[in-house]
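Trainee: So the sequence shown is residues 43 to 204, counted in our numbering. Glycine included, C-beta positions come from ideal geometry on N, C-alpha and C. Fair warning: this is a prediction, and the values are worked out from it, not measured in the lab.
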Amino acid sequence: MEFEQSTRVIYLTDEDDQVFTFIKDVKEKEGLYILDFEDVEIPENKLKLNTYSNFSVPHAMSKDHIKAYHYDQLINLIVAFLKDHHAEEYLEIYRDMDTIYFETVFHAPKTPEEKKLFQEIVDKFNRIIGQVNSAVKSRFNQKIEVILKFSFNTHHLHSIRI
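(1) On the criterion of 16 or more Cβ atoms from any shown chain inside 10 Å, does HIS149 qualify as buried, or is it exposed?
(2) Are VAL61 and LEU89 close, meaning C-beta to C-beta below 8 Å?
(3) Counting only runs of 3+ residues fully inside the region 55 to 127, write out the beta strand (DSSP E) ranges in chain order.
(4) Along the chain, where does the beta strand (DSSP E) that runs through THR146 open and close?
(5) Would you kindly work out how many angstroms separate the C-alpha atoms of ARG181 and TYR111, rounded to a whole number?
(6) Looking at PHE144: is its Cβ nearer than 8 Å to the Cβ of LEU133?
(7) In three-state terms, what does DSSP make of LYS158?
(8) Which residues mark the beginning and the end of the beta strand (DSSP E) in which ILE152 is found?
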């Protein structure tokens, strides 16, 4: 069998829809792959290797369940990207439903220096969100809310349109 577990593939449905997914498991004896998309079990001839960038989705998605799957996967990829590329010991990045949270342990700034540092941190996170926003290129015309949580209050960062 050509593909391994976790390989990113393109699944061609019986209706000729494309689904960008990955292989959850391989059934060697049966010659089947189990996909992350709806746990579909399919033979190799229904798959091809996905060589598109991580944030790519199919161009024409006609079915709502396929759109919902790609939307959900895109949010997961964004969170994974942020965790991998912007890990800080004082920062936790996670997802809750359709919201991405940046939670930090910083306390309320009191001095002018602390306020300046606080503003620099908020600006840094806003730039990160801008980078992700440009990477996903408004694929779904929906907003993902991104919230920066400090122990003393909450700041809403720029929304990401995907």
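Mentor: Well, looking at it:
(1) Within the sequence shown, the letter at position 107 stands for residue 149. So HIS149 ends up on the exposed side.
(2) Numbered from its first residue, the sequence shown carries residue 61 at position 19. Numbered from its first residue, the sequence shown carries residue 89 at position 47. Against a cut-off of 8 Å, the Cβ pair of LEU89 and VAL61 comes out as no contact.
(3) 60 to 69, 74 to 77, 83 to 85, 89 to 91
(4) Here residue 146 refers to the residue found at position 104 of the sequence shown. Element bounds for THR146: 141 to 146.
(5) Here residue 181 refers to the residue found at position 139 of the sequence shown. Here residue 111 refers to the residue found at position 69 of the sequence shown. When rounded, the distance between both Cα atoms is 13 Å.
(6) Here the question's residue 144 lines up with position 102 in the sequence shown. Here the question's residue 133 lines up with position 91 in the sequence shown. Contact: yes.
(7) Sequence index remark: in the sequence shown, residue 158 carries index 116 (1-based). In the structure shown, LYS158 sits in a helix (DSSP, three-state: H, G or I).
(8) Reading the sequence shown from its first residue, position 110 is the one you call residue 152. Before going further, note that residue 152 is Lys rather than Ile in the sequence given. From DSSP, LYS152 is part of no beta strand (DSSP E); its letter is neither H nor E.
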